[in-house]
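When we follow the UniProt record's numbering, the leftmost residue of the sequence shown carries the number 1, and every step to the right adds one.
Below is one structure, written out as structure tokens; the observations come after it.
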Amino acid sequence: MIGQQALMDAHFTLLHLTIGMIVESLLIAFATVAFVKFVLFSIFETRYLVAIWKAGSRSLINAEGYEAPRHEMWRELSLLHSCLYGTLLMAGIISMYELHNHMKLILLLMYTFWIPQIIRNVFHDSRKPLDPHYIFGITVTRLAIPLYIFGFPNNFMHIEPDKNWCVCLTLFLGLQAVFLLLQHYLGPRWFIPRQMLPEKYNYHRKFDHTKRHATECVICMTDIDLFRRTSDCMVTPCDHFFHSGCLQIWMDIKMECPTCRRALPSA
């Protein structure tokens, strides 16, 4: 999802720069926009993409919680950048030859950037991965350019307005955003019948009170009363105990055990 938006900004950088060179009166304004888009793509979005990759890459951590050798991390990182810039190059070549004839179709494909996140939420049962303000803000701002080009009669590109297509694009992207918001508030798999869902791990499972367990929550560093309600504490698959509120906040950030760093299943 972030990668697709990064590719969009890279193409918009080239588009603004090209239009600014063709239309001399727009050169300064469009060169400024192209520079801002280039900084957004090359610095912020690329670094954000790498940060997401590091946080979500399970292949770099073994069962004991130790990181893989540095050369393997660099190899995986090089592959990530190769895929990003390779896709950018291929998309640029296709757009160069087909943009004039199939501009609306290409734009419609570009504006499917929420769909990979929706699918990922379902497969990984992700817990509120995106803030609702971010979803709303990106959805609205990304619509500005195509709605101006195809909805404003006196646009500088002299493209014939197509209000029906503008409505279709707005509904298409809006439905994606609404689906993401429903996943945020109702759960990532809210639309799937319960009978078809895999069985989840129970973090409030029963445990043997006769065995000796560590009774200190390593997140808040306070004691846990194991003899109170089972809903007050959570047990990981590696038999570590935490306060329910502490572990739920922790799992919103990292899906790994705070004690031994092993991967945790979704709640």
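Glycine is no exception: its CB is placed at the ideal position from the N, C-alpha and C atoms.
Note that the structure is predicted; figures quoted are calculated from it, not measured.
Rank the options by C-alpha distance to the C-alpha of residue i and give the top, closest one.
i	options	result
Cys260	Cys246, Ile253, Phe241, Asp252	Phe241
Phe123	Cys233, Trp190, Phe38	Trp190
Phe35	Ser25, Gly20, Arg47	Gly20
Ile159	Asp223, Leu26, Lys104	Lys104
Phe179	Leu26, Thr112, Leu40	Thr112
residue 268	Met110, Lys254, Leu49, Glu76	The question about residue 268 has no answer here: the residues shown for the chain are numbered 1 through 267.
Leu197	Pro188, His204, Arg205	Pro188
His243	Leu89, Met255, Cys220, Lys128	Cys220
Met8	Ser42, Val23, Ile22	Ser42
Ile253	Ile119, Asp131, His102, Leu181	Asp131
Met251	Leu26, Pro129, Cys238, Ile149	Pro129
Leu84	Gln4, Gly174, Leu175, Ser126	Gln4
Leaving aside the five residues before and after residue i along the sequence, list all residues of the same chain whose C-beta is less than 6 angstroms from its C-beta, in chain order.
i	result
Ala177	Ile135, Thr139
Pro265	Tyr201
Arg142	none
Ser59	Note that Ser59 scores a pLDDT of 46, beneath 50, so its modelled location is shaky and nothing firm can be said.
Val218	Pro258, Thr259
Which whole-angstrom value is the C-beta distance of residue i and residue j, which I expect to be below 8 angstroms?
i	j	result
Ala6	Glu45	4 angstroms
Gln117	Met1	4 angstroms
Thr215	Asp223	5 angstroms
Leu80	Trp114	At roughly 21 angstroms, the Cβ-Cβ gap does not stay under 8 angstroms, so Leu80 and Trp114 are not in contact.
Exposed or buried, which one is residue i when buried takes at least 16 other CB atoms within 10 Å?
i	result
Leu186	exposed
Phe30	buried
Asn202	exposed
Asn164	exposed
Thr152	Note that residue 152 is Phe in the sequence shown, not Thr. Burial call: exposed.
Met157	exposed
Leu247	buried
Cys257	buried
Pro193	exposed
Tyr66	Reliability of the predicted coordinates at Tyr66 is poor, the pLDDT of 47 falling under 50, and the value obtained from them is presented with this limitation in mind. Exposed is the call here.
Phe172	exposed
Trp74	exposed
Asn154	exposed
Asn101	exposed
If you drop the 5 nearest sequence neighbours on each side, which residues of the same chain put their C-beta closer than 8 angstroms to that of residue i?
i	result
Thr18	none
Pro146	Leu107, Tyr111, Cys166, Leu169
Gly174	Thr139
Check whether the Cβ of residue i lies closer than 7 angstroms to any heavy atom of the ligand GTP, and answer yes or no.
i	result
Arg194	In the structure shown, the ligand GTP is absent, as is every other ligand, since no ligand is present at all.
Considering only residues of the same chain and omitting the five flanking positions on each side of residue i, which have a CB-CB separation below 7 angstroms?
i	result
Phe38	Thr13
Glu64	Because the pLDDT at Glu64 is just 45, under 50, the model does not fix this residue reliably, and the value given afterwards should be weighed accordingly. The answer is none, since no qualifying residue turns up.
Ala10	Phe41, Leu88
Cys233	Ile224, Leu226, Phe241, Phe242, His243, Ser244
Val33	His16
Tyr48	Ile2
Met255	Ala263, Leu264
Arg205	Val235
Leu181	Pro132, Ile135
Phe150	Ile159, Pro161, Asp162, Trp165, Cys166
Asn121	Pro129, Gln183, Pro188
Asp125	Pro188, Arg189, Ser266
Tyr148	Asn155
Asp239	none
Closest Cβ-Cβ distance between residue i and chain D: below 8 angstroms?
i	result
Arg205	Although the question refers to chain D, the structure presented lacks it and comprises just one protein chain.
> Quick one: complete beta strand (DSSP E) runs, 3+ long, within the UniProt domain "RING-type" (217–261)?
Replying inline: 233–235, 241–243
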